[in-house]
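Protein sequence lines, in the order shown, are assigned to chains P and G. Quick note: the first sequence uses our numbering, first residue 1, plus one each step. Quick note: the second sequence uses our numbering, first residue 245, plus one each step.
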Amino acid sequence: MNWTWFHRLASPPHFYRIAGQLLPWLAIPAALLLAGGIFGGLVLAPPDYQQSDAFRIIYIHAPSAWLSLMCYTVMATAAAVGLIWRIKLAHAVAAATAPIGASFTALALATGSLWGRPMWGTWWEWDARLTSELILLFLYLGYMALRSSFDDLTRADRASALLAVVGVVNVPIIHFSVYWWNSLHQGATVMKLGRSEMPASMLVPLLMCLLGSTLLYGALLCARVRAEVLERERQASWLSGLVK
Amino acid sequence: MNTATLQAPIVSPGHAAVVLVRRELRLAWRRWGQSLHPVIFFLMVTTLFPLALSPESARLRLIAGGVVWVGALLSSLLALETLFRADLDDGTLEQLVLSGQPLAALMLAKTLAHWLLSGVPLVLATPVALGALAVPASAFGPVMLGILLGTGVLSFVGGIGAALTLGTRRGSVLLSLLVLPLVMPVLIFGARAADLAIRGEPFSGGLLLLTAMLVLTVTLAPLATAAAIRICLE
Chain P
1 MNWTWFHRLA
11 SPPHFYRIAG
21 QLLPWLAIPA
31 ALLLAGGIFG
41 GLVLAPPDYQ
51 QSDAFRIIYI
61 HAPSAWLSLM
71 CYTVMATAAA
81 VGLIWRIKLA
91 HAVAAATAPI
101 GASFTALALA
111 TGSLWGRPMW
121 GTWWEWDARL
131 TSELILLFLY
141 LGYMALRSSF
151 DDLTRADRAS
161 ALLAVVGVVN
171 VPIIHFSVYW
181 WNSLHQGATV
191 MKLGRSEMPA
201 SMLVPLLMCL
211 LGSTLLYGAL
221 LCARVRAEVL
231 ERERQASWLS
241 GLVK
Chain G
245 MNTATLQAPI
255 VSPGHAAVVL
265 VRRELRLAWR
275 RWGQSLHPVI
285 FFLMVTTLFP
295 LALSPESARL
305 RLIAGGVVWV
315 GALLSSLLAL
325 ETLFRADLDD
335 GTLEQLVLSG
345 QPLAALMLAK
355 TLAHWLLSGV
365 PLVLATPVAL
375 GALAVPASAF
385 GPVMLGILLG
395 TGVLSFVGGI
405 GAALTLGTRR
415 GSVLLSLLVL
425 PLVMPVLIFG
435 ARAADLAIRG
445 EPFSGGLLLL
455 TAMLVLTVTL
465 APLATAAAIR
475 ICLE
């Protein structure tokens, strides 16, 4: 297999250009899908027979929860690639993903809490899903705190990458242990949303929101990595050619 | 002749690890007061709960497992800070990296010594704390075993955190931020087993899971710690 495309992609000027070209192709579909999905979810979809209008928060909550996990996977994968092959761009991707992932995790927790108030009668329940999401937020915050406490960029990259890899080994253990802990305390209180039992008028907007926010993540990542590359390569000659 | 000895280390990795453990223990013995600080901290934290909640023994017994575990977790975090700091300052750490021995084996020895020095005193202090929290003596054994296994995981996982924060300016708070989310499963299983033992119910499940986690961390954590040390020194 020919790997030259991979090495080309790893070169900052090339990636800077590609990411710039890719940005509108991700951002515009993301905006359309999210607008359509949210309109469909908030206006067109019928109210749930049990939860009435409160269920509509799912159109923000489910995509955030999905992205909180996906971002961590992307971050750890990029970090491992950076650590193993010493590709600086991979570190830039990991560094750019962390704040996005942390924001989505915080958003998932906040929307879950808002939903929990009318449904469970409480803002916070020590439910297994909520707790493991909270620990995930702590992992993101630890990663970002470690990054920001180094003066030297290379060291910050490598140290935080190692932490991300250690974290991703730990995530399944944390997830499992939290479920085990909770199941001993009380029965599951989460209302299971049967995906297949959902009518199409509710499901289609949800899928649009899921896809839209994933594309949104792609667009945000492109923009952030571009900014990251600019900062890292500020001494490079190819940049002075770009900025006239 | 000289170059040959330079190329091939005369000491086997196992022997080097034993020497390192003995060095750590000897250093700690010469400043034995320092290794007691985390234990004193542990006993003080335990004292805080009766003062804050109530001196009623029935209530204390209910929370004893959790209190002892949170105390042990915090005090072993406190002990982690000093794991590599002195060795970094006096250059020992660089010598270890340059020694030609597998760094992971040396880190295994270093963390093992730390476990002996921070975990074992905590285990020995546990009955005192449990007794003060009105726990029946029959539960002392299982809780102590749990603390022994748990502090092992904490030493090994914490070793990664301590090595990662070596190059940073404000290490201590950062260390807690990194290590605490990673060791939450230890707290969950350990405190649960302790609680069950105090109630007189079967507790072996939690201890077995702690043992599994200890085996996993002993196997993998020294590799990560060695990588972190290399990042710090490069």
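Even for Gly, the Cβ is constructed at its ideal location relative to N, Cα and C.
Closer than 7 Å at the beta carbon, the chain P residues around residue i
{"i": "G:ALA413", "result": "Checking the displayed sequence, the identity of residue 413 of chain G turns out to be Arg instead of Ala. Within 7 Å Cβ-Cβ: SER149."}
{"i": "G:ILE475", "result": "ARG155, ARG158, ALA159, LEU162"}
{"i": "G:ILE442", "result": "In chain order: nothing, as chain P lies at least about 15 Å away."}
{"i": "G:LEU408", "result": "LEU146, ALA159, LEU162, LEU163"}
{"i": "G:ALA468", "result": "LEU162, VAL166"}
{"i": "G:LEU418", "result": "ALA145, LEU146, SER149"}
{"i": "G:ALA471", "result": "LEU162"}
{"i": "G:ILE284", "result": "Simply none; closest approach about 28 Å."}
Three-state secondary structure assigned by DSSP to residue i
{"i": "G:ASP331", "result": "helix"}
{"i": "P:ASP48", "result": "strand"}
{"i": "P:LEU3", "result": "Looking at the sequence provided, one finds Trp at residue 3 of chain P rather than Leu. P:TRP3 falls in the coil class under three-state DSSP."}
{"i": "P:GLN186", "result": "Its pLDDT being 43, under 50, P:GLN186 is placed unreliably in this model, and the value from its coordinates should be taken loosely. Coil at P:GLN186, not helix or strand."}
{"i": "G:PHE400", "result": "helix"}
{"i": "P:PRO12", "result": "helix"}
{"i": "G:ILE254", "result": "coil"}
{"i": "P:ARG195", "result": "Bear in mind that the predicted position of P:ARG195 carries a pLDDT of just 46, short of 50, making it unreliable; the figure below should be weighed with that in mind. P:ARG195: coil per DSSP, three-state reduction."}
{"i": "G:HIS259", "result": "helix"}
{"i": "G:SER298", "result": "coil"}
{"i": "P:ALA110", "result": "helix"}
{"i": "G:LEU264", "result": "helix"}
{"i": "P:GLY36", "result": "helix"}
{"i": "G:VAL387", "result": "helix"}
{"i": "G:ARG275", "result": "coil"}
{"i": "P:ASP152", "result": "coil"}
{"i": "G:VAL379", "result": "coil"}
{"i": "P:GLY101", "result": "helix"}
{"i": "G:GLY233", "result": "Residue 233 of chain G lies beyond the range of chain G shown here (245 to 478); nothing can be said about it."}
Interface partners of residue i on chain P, CB under 8 Å
{"i": "G:ILE432", "result": "SER177, VAL178, TRP180, TRP181"}
{"i": "G:MET428", "result": "ILE135, ILE174, SER177, VAL178"}
{"i": "G:ILE391", "result": "In chain order: nothing, as chain P lies at least about 18 Å away."}
{"i": "G:ILE254", "result": "Chain P residues near G:ILE254: none, gap ~32 Å exceeds 8 Å."}
Delimiting residues of the alpha helix (DSSP H) encompassing residue i
{"i": "G:THR455", "result": "448 to 477"}
{"i": "P:LEU211", "result": "200 to 232"}
{"i": "G:GLY212", "result": "There is no way to answer for residue 212 of chain G, as the model of chain G reaches only from 245 to 478."}
{"i": "G:GLY363", "result": "It is not in any alpha helix (DSSP H) - G:GLY363 carries neither H nor E in the DSSP assignment."}
{"i": "P:TRP123", "result": "First-last for P:TRP123: undefined, no H or E at that position."}
{"i": "P:LEU235", "result": "Here the sequence assigns Gln to residue 235 of chain P, which means Leu is not the residue at that position. That residue, P:GLN235, is in no alpha helix (DSSP H); it is neither H nor E in DSSP."}
{"i": "P:GLY142", "result": "128 to 148"}
{"i": "G:GLN339", "result": "336 to 342"}
{"i": "G:VAL427", "result": "Neither: G:VAL427 is in no alpha helix (DSSP H) and is coded neither H nor E."}
{"i": "P:ILE60", "result": "58 to 85"}
{"i": "G:THR409", "result": "Per DSSP, G:THR409 belongs to no alpha helix (DSSP H) and is neither H nor E."}
{"i": "G:LEU356", "result": "347 to 358"}
Where residue i meets chain G, residues with beta-carbon distance less than 8 Å
{"i": "P:ILE84", "result": "Residues of chain G passing the Cβ test: none, with the nearest at roughly 11 Å."}
{"i": "P:PHE138", "result": "LEU421, LEU424, PRO425"}
Contact set between residue i and chain G, taken where Cβ atoms lie within less than 7 Å
{"i": "P:GLY142", "result": "LEU421, LEU422, PRO425"}
Neighbouring residues, chain P, relative to residue i (Cβ below 9 Å)
{"i": "G:ILE307", "result": "Per Cβ cutoff of 9 Å: no residues; G:ILE307 is ~15 Å from chain P at best."}
Short CB-CB distance (under 8 Å) between residue i and chain A
{"i": "G:ILE475", "result": "Going by chain labels, chain A is absent from the structure shown, which instead holds the protein chains P and G."}
**OP:** May I ask you to verify whether the stretch 217 to 233 of chain P touches the stretch 91 to 100 of chain P, counting CB pairs closer than 8 Å and requiring at least 3?
**Re:** yes
**OP:** Say whether the stretch 41 to 58 of chain P touches the stretch 125 to 143 of chain P, bearing in mind that this needs 3 or more beta-carbon pairs closer than 8 Å, one atom from each stretch.
**Re:** No: the two stretches stay apart, fewer than three of their Cβ pairs being nearer than 8 Å.
Original post:
Between the stretch 466 to 478 of chain G and the stretch 152 to 165 of chain P, do at least 3 Cβ pairs fall closer than 8 Å?
Top reply: yes
Original post:
How about the stretch 342 to 355 of chain G and the stretch 372 to 383 of chain G: do they share at least three Cβ pairs that are nearer than 8 Å?
Top reply: No, because fewer than three Cβ pairs between the stretch 342 to 355 of chain G and the stretch 372 to 383 of chain G fall closer than 8 Å, the two stretches do not touch.
Subject >> contact_flag[the stretch 434 to 441 of chain G, the stretch 308 to 319 of chain G] where n(CB pairs < 8 Å) is 3 or more >> reply: A contact exists between the stretch 434 to 441 of chain G and the stretch 308 to 319 of chain G.
**OP:** Tell me, please, whether the stretch 279 to 294 of chain G touches the stretch 317 to 336 of chain G by the rule of three or more beta-carbon pairs shorter than 8 Å.
**Re:** yes
Original post:
On the three-pair Cβ rule with 8 Å, is the stretch 259 to 279 of chain G touching the stretch 350 to 358 of chain G?
Top reply: yes
Original post:
Are there three or more Cβ pairs, one per stretch, closer than 8 Å when the stretch 295 to 306 of chain G is compared with the stretch 424 to 435 of chain G?
Top reply: no
**OP:** For the stretch 331 to 344 of chain G and the stretch 360 to 367 of chain G, state whether three or more C-beta atom pairs, one from each stretch, are separated by less than 8 Å.
**Re:** no
**OP:** Report yes or no: do the stretch 55 to 65 of chain P and the stretch 230 to 240 of chain P share at least 3 C-beta pairs separated by less than 8 Å?
**Re:** no
**OP:** For the stretch 329 to 337 of chain G and the stretch 442 to 460 of chain G, state whether three or more C-beta atom pairs, one from each stretch, are separated by less than 8 Å.
**Re:** no
**OP:** Inspect the CB distances between the stretch 455 to 463 of chain G and the stretch 196 to 213 of chain P and report whether three or more fall short of 8 Å.
**Re:** no
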